[in-house]
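Below: one structure, written as structure tokens.
Number of protein chains: 2
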Amino acid sequence: MHFGDALTAATKAKSPVCVGLDPQLSKLPDGISKDPKGVLEFCKGIIDATKAVACCVKPQLAYFEALGWEGMKVFFETCDYAKKQGLIVIADGKRNDIGTTCEAYADAYLAKDRPIDALTVSPYLGSDSVKPFIERCVKNDKGIFVLVKTSNPSSGELQDLPVGDEAVHEHLAQLVESWGMHHIGPKTNFSFVGAVVGATYPEEMKYLRTLMPHIPFLIPGYGAQGGKAEDVKHGFIADPSERPGRAGGTGAVVNASRSIIFASGGKDWKDAAEKAAITMSKEIQAALKA
Amino acid sequence: MHFGDALTAATKAKSPVCVGLDPQLSKLPDGISKDPKGVLEFCKGIIDATKAVACCVKPQLAYFEALGWEGMKVFFETCDYAKKQGLIVIADGKRNDIGTTCEAYADAYLAKDRPIDALTVSPYLGSDSVKPFIERCVKNDKGIFVLVKTSNPSSGELQDLPVGDEAVHEHLAQLVESWGMHHIGPKTNFSFVGAVVGATYPEEMKYLRTLMPHIPFLIPGYGAQGGKAEDVKHGFIADPSERPGRAGGTGAVVNASRSIIFASGGKDWKDAAEKAAITMSKEIQAALKA
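These protein sequence lines map, in sequence, to chains B and C.
Taking our numbering, the leading residue of the first sequence gets 1, the next gets one more, and so forth.
Taking our numbering, the leading residue of the second sequence gets 1001, the next gets one more, and so forth.
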């Protein structure tokens, strides 16, 4: 299925909650070994605990790479497990390169047989670094999320620089819409090209939603980074009547990592993660209805 | 040793040639198996053939990641082999993330025990995505190269956007100088914070050299992408007398990948790579003397 349609269907069926798998060794709960084996056990436990409410998981490659090749083995095993539980898998690697090198990244994460649905992509190199991914998405029914406005405090240093009347990230948003608008899903008109738009900048998000009508948003920064349900609601499509095949409350997935996966460091870590995901889902649904 | 000093010493001792290890399976020479084992054999062969003339190698992570975790195993084995042959190793991963995630990337590639000297870094997230790497460089005598002006045709889509009187990449160059100038090597005044500046934009390089006096340049795009010795000479320090402890012809390393490693696809691939590296070294030395 086209990734834009698949993401939307999963959002409608469960919730827009995306669980960020950031298995930082020092934070793993009591009783989990601080090694690749423990990371796999932990990630599987979080997946089991949250799969009823979350539509997707976002494993963060950095934490797996930090464990060397043994960590990368566990990364693919984690993705495979999540896929088998019916979750959409977004590999957060913020990869970026050009030409055949970019194709190699596409082979690494968006090949047909990889248990991954989408990859995050960094845009500093321009369209040369995006088009090879797009070709692979067409071929293999995969997706990408391009960093547009990130959730961190210093994101403005480059992203908010003024280019005439607009900011760099607004200019980029229009490029992303132009890359994505030719690749929209038949059921929802959402593209397989998505954008990363941080929960911590709600005003920017509101405007970016108008600049990228065909682009699904991946919204990080919920929970530990300070983003709230009131902030993220602007990333969703408000009025479904305007867009046939869509529904209100689609067009975005919201990621929380630490506030879910490390909700408890004790024996009850799975229960605590489940509760945190359910609470987050309810908060967002309430904000969308308000 | 401080990375800025170590890179300069290696450049003076041998040449500014950096050999890009881009082991694309379909291009591996006859007689090399098209799998991780073959990739390791190929990379070791290229290292042996070029180590007398090149000061460093730049393994491109994408080609190793494309082979899954088995590829990552071979990546670290390749880096280890290169270090043991006395080469400086620059991991080309263009990594970028923030906070503890950025620290995880630093653990992955710039930990004390990793056989890697420096990592390339993408700057779209701003200083939040650079400072954790810098802390690790201080602690472990490692380096980073921040993408400033890349060699590809579409690099200008974001990098050349006009911000007042200057381009985005010029603004970034001043940020990079500000990040790096507090971390200069005692012997050369070159920082362990470097910049990626493409050979294919010589006019921009000339100006960027003035904006980043303490920053070593990693110059890709030589050879197959069209960059020539006349183009890259602007990335070097011209007049050593102005900067005590430096020497003319330092301050930059120039990377060529395909034109060296795939100089021949036949049985003579090692000899062809050696010849290509020697020719490149001579071309650059001649341009620097002219």
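Just so you know, even glycine gets a beta-carbon here, dropped at the ideal spot from N, CA and C.
Quiz item: Since B:W69 meets chain C, which of its residues come closer than 7 angstroms, beta carbon to beta carbon?
Solution: As a first step, residue 69 of chain B is located in the first sequence; it is residue number 69 there, counting from the start. Within chain C, the C-beta atoms nearer than 7 angstroms to that of B:W69 come from W1069, M1072, K1073, F1076, in chain order.
Self-check item: Three-pair Cβ contact test at 8 angstroms for the region 169-185 of chain B versus the region 194-207 of chain B
Solution: Segments in contact, yes.
Quiz prompt | the region 1144-1162 of chain C contacting the region 120-133 of chain B, beta-carbon criterion three pairs below 8 angstroms | solution = Enough Cβ pairs lie closer than 8 angstroms, so yes.
Practice problem: Could you please tell me which residues of the region 1037-1058 of chain C, in chain order, have their CB closer than 9 angstroms to any CB of chain B? | Solution: So the list is empty, because no residue satisfies the distance condition.
Exercise. Answer yes or no: does any C-beta atom of chain B fall closer than 9 angstroms to that of C:S1129?
Key: The residue given as residue 1129 of chain C occupies position 129 in the second sequence. It does; some Cβ of chain B falls within 9 angstroms.
Quiz item: Is there at least one Cβ from chain C nearer than 9 angstroms to B:V163's Cβ?
Solution: To locate residue 163 of chain B, count along the first sequence from 1; it is residue 163. With respect to chain C, the C-beta atom of B:V163 has a partner C-beta closer than 9 angstroms.
Quiz item: Given a threshold of 16 other Cβ atoms within 10 Å of its Cβ, counted over all protein chains shown, does C:D1022 qualify as buried or as exposed?
Solution: By one-based count along the second sequence, residue 1022 of chain C stands at place 22. Flag for C:D1022 reads buried.
Practice problem: Kindly indicate which three-state DSSP category C:K1094 falls into: helix, strand or coil? | Solution: The count along the second sequence starts at 1 and reaches residue 1094 of chain C at position 94. C:K1094 carries a strand assignment under DSSP once its states are collapsed to helix, strand and coil.
Self-check item: Within-9 angstroms CB hit, C:T1101 to chain B
Solution: The residue you call residue 1101 of chain C lines up with position 101 of the second sequence. For C:T1101, the answer is yes, since a Cβ of chain B falls inside 9 angstroms of its Cβ.
Practice problem: For C:S1259, name the three-state secondary structure that DSSP assigns. | Solution: Indexing the second sequence from 1 puts residue 1259 of chain C at position 259. DSSP places C:S1259 in helix when its eight states are reduced to three.
Quiz item: Which whole-angstrom value describes the C-beta separation of C:F1217 and C:A1252, a residue pair presumed to lie in contact below a C-beta threshold of 8 angstroms?
Solution: For the purposes of this step, residue 1217 of chain C is identified with residue 217 of the second sequence, where counting begins at 1. For the purposes of this step, residue 1252 of chain C is identified with residue 252 of the second sequence, where counting begins at 1. Sure, about 4 angstroms apart at Cβ, within 8 angstroms.
Practice problem: Return helix, strand or coil for C:Q1225, following the three-state DSSP convention. | Solution: Position 225 of the second sequence, counted from the start, is the residue given in the question as residue 1225 of chain C. DSSP, reduced to helix, strand and coil, places C:Q1225 outside both helices and strands of the structure shown, so it counts as coil.
Exercise. Mark C:K1267 as exposed unless 16 or more other C-beta atoms lie within 10 angstroms of its C-beta, in which case mark it buried.
Key: Taking the first residue of the second sequence as 1, we reach residue 1267 of chain C at position 267. Within a 10 Å sphere around the beta-carbon of C:K1267 sit fewer than 16 other beta-carbons, which makes this residue exposed.
Exercise. Please state whether DSSP places B:I47 in a helix, a strand or coil.
Key: If you number the first sequence from 1, residue 47 of chain B lands on position 47. Residue state, collapsed to three classes: helix.
Exercise. Just tell me which of B:I278, B:K270, B:K84, B:L125 has its CA closest to the CA of B:I98.
Key: For the purposes of this step, residue 98 of chain B is taken as the residue at position 98 of the first sequence. Comparing Cα positions, the closest option is B:L125.
Exercise. State yes or no: is the beta carbon of C:E1204 nearer than 9 angstroms to at least one beta carbon in chain B?
Key: Counting from 1 along the second sequence, the entry for residue 1204 of chain C is found at position 204. Using a Cβ-Cβ cut-off of 9 angstroms, C:E1204 does not count as an interface residue toward chain B, since no Cβ of chain B sits closer than that to its own.
Practice problem: Express the C-alpha separation of C:S1178 and C:G1265 in angstroms, rounding to a whole number. | Solution: Taking the first residue of the second sequence as 1, we reach residue 1265 of chain C at position 265. Taking the first residue of the second sequence as 1, we reach residue 1178 of chain C at position 178. Going by the C-alpha atoms only, they are around 44 angstroms apart.
Exercise. Could you tell me whether the Cβ atoms of C:K1233 and C:A1287 are closer together than 9 angstroms?
Key: Along the second sequence, read from residue 1 onward, the residue named residue 1233 of chain C stands at position 233. Along the second sequence, read from residue 1 onward, the residue named residue 1287 of chain C stands at position 287. It is a contact, given that the beta carbons lie within the stated cut-off.
Practice problem: Would you verify that the beta carbon of B:V197 is, or is not, closer than 9 angstroms to some beta carbon of chain E? | Solution: Given the protein chain composition of this structure (B and C), no chain E is represented.
Practice problem: Hey, could you find the ends of the beta strand (DSSP E) C:V1196 is sitting in? | Solution: The residue given as residue 1196 of chain C occupies position 196 in the second sequence. Per DSSP, C:V1196 is one residue of the beta strand (DSSP E) stretching across 1193-1197.
Self-check item: Buried or exposed by the 16-neighbour rule on C-beta atoms within 10 Å, applied to B:H182
Solution: Looking up residue 182 of chain B in the first sequence gives position 182. Taking every protein chain shown into account, the CB of B:H182 has fewer than 16 other CB atoms within 10 angstroms, so this residue is exposed.
Quiz item: Where does the unbroken beta strand (DSSP E) through B:V121 begin, and where does it stop?
Solution: Along the first sequence, one-based indexing puts residue 121 of chain B at 121. For B:V121, the enclosing beta strand (DSSP E) has its first and last residue at 118-121.
Quiz item: Cβ atoms of B:L87 and B:I47: under 9 angstroms apart, would you say?
Solution: Start at 1 with the first residue of the first sequence, and residue 47 of chain B comes out as number 47. Start at 1 with the first residue of the first sequence, and residue 87 of chain B comes out as number 87. With respect to B:L87, B:I47 sits close: the two C-beta atoms are nearer than 9 angstroms.
Quiz item: Looking at the C-beta of B:V168, does it have a partner C-beta in chain C at a distance below 9 angstroms?
Solution: Taking the first residue of the first sequence as position 1, residue 168 of chain B is located at position 168. So yes, B:V168 belongs to the interface.
Exercise. Can you give me, in chain order, the residues of the region 1091-1119 of chain C that have a beta carbon less than 9 angstroms from any beta carbon in chain B?
Key: Near chain B, meaning a CB-to-CB distance below 9 angstroms, the residues of the region 1091-1119 of chain C are D1092, G1093, K1094, R1095, N1096, D1097, I1098, G1099, T1100, T1101, C1102, E1103, A1104, Y1105, A1106, D1107, A1108, Y1109, A1111, R1114.
Quiz item: Who are the Cβ neighbours of C:M1072 in its own chain at under 8 angstroms, not counting the five residues just before and after it?
Solution: Locating residue 1072 of chain C in the second sequence gives position 72, where the first residue counts as 1. Only residues of its own chain outside the window of five on either side were considered, and among them F1064, E1065 have a CB closer than 8 angstroms to the CB of C:M1072, listed in chain order.
Quiz prompt | Run of the beta strand (DSSP E) containing C:G1251, from where it starts to where it stops | solution = Working through the second sequence from its first residue, we reach residue 1251 of chain C at position 251. Run containing C:G1251: none; DSSP gives neither H nor E here.
Quiz item: If you draw a straight line from the alpha carbon of C:K1142 to that of C:K1058, how long is it in whole angstroms?
Solution: Numbered from 1 along the second sequence, position 142 holds the residue referred to as residue 1142 of chain C. Numbered from 1 along the second sequence, position 58 holds the residue referred to as residue 1058 of chain C. Across the structure, C:K1142 and C:K1058 are spaced so that their CA atoms are roughly 15 angstroms apart.
Exercise. Report back the beta-carbon spacing between C:C1055 and C:V1089 to the nearest angstrom; my notes put them in contact at under 8 angstroms.
Key: As a first step, residue 1055 of chain C must be located in the second sequence, where it is residue number 55. As a first step, residue 1089 of chain C must be located in the second sequence, where it is residue number 89. The Cβ separation is near 11 angstroms, so there is no contact.
Practice problem: Please name the residues in the region 1274-1285 of chain C whose beta-carbon is closer than 9 angstroms to at least one beta-carbon of chain B, in chain order. | Solution: Residues passing the 9 angstroms Cβ filter: none.
Quiz prompt | Where C:L1175 meets chain B, residues with beta-carbon distance less than 7 angstroms | solution = One-based indexing of the second sequence puts residue 1175 of chain C at position 175. In chain order: E157.
Quiz item: What's the call for C:G1031, buried or exposed, on a 16-neighbour Cβ count within 10 Å?
Solution: What you label residue 1031 of chain C is simply residue 31 of the second sequence in a count that begins at 1. By the neighbour-count criterion, in which 16 or more other beta carbons inside 10 Å mark a residue as buried, C:G1031 falls on the exposed side.
Self-check item: Contact set between C:N1255 and chain B, taken where Cβ atoms lie within less than 9 angstroms
Solution: In the second sequence, residue 1255 of chain C corresponds to position 255, counting from 1. At a C-beta separation below 9 angstroms, C:N1255 has no neighbours in chain B, since its nearest C-beta there lies roughly 12 angstroms away.
Practice problem: Verify whether the separation of the beta carbon atoms of C:A1062 and B:Y105 is less than 9 angstroms. | Solution: Looking up residue 1062 of chain C in the second sequence gives position 62. Looking up residue 105 of chain B in the first sequence gives position 105. In this structure, C:A1062 sits near B:Y105, with a CB-CB distance shorter than 9 angstroms.
Quiz item: Quick one: is B:E65 near chain C, going by C-beta distance under 9 angstroms?
Solution: The residue given as residue 65 of chain B occupies position 65 in the first sequence. At a cut-off of 9 angstroms, the C-beta of B:E65 has a neighbouring C-beta in chain C.
Quiz item: In chain order, what residues of the same chain lie with their CB nearer than 8 angstroms to the CB of B:Q85, ignoring the 5 residues before and after it?
Solution: Position 85 of the first sequence, counting from 1, holds the residue named residue 85 of chain B. Cβ within range, chain order: I47, D48, K51.
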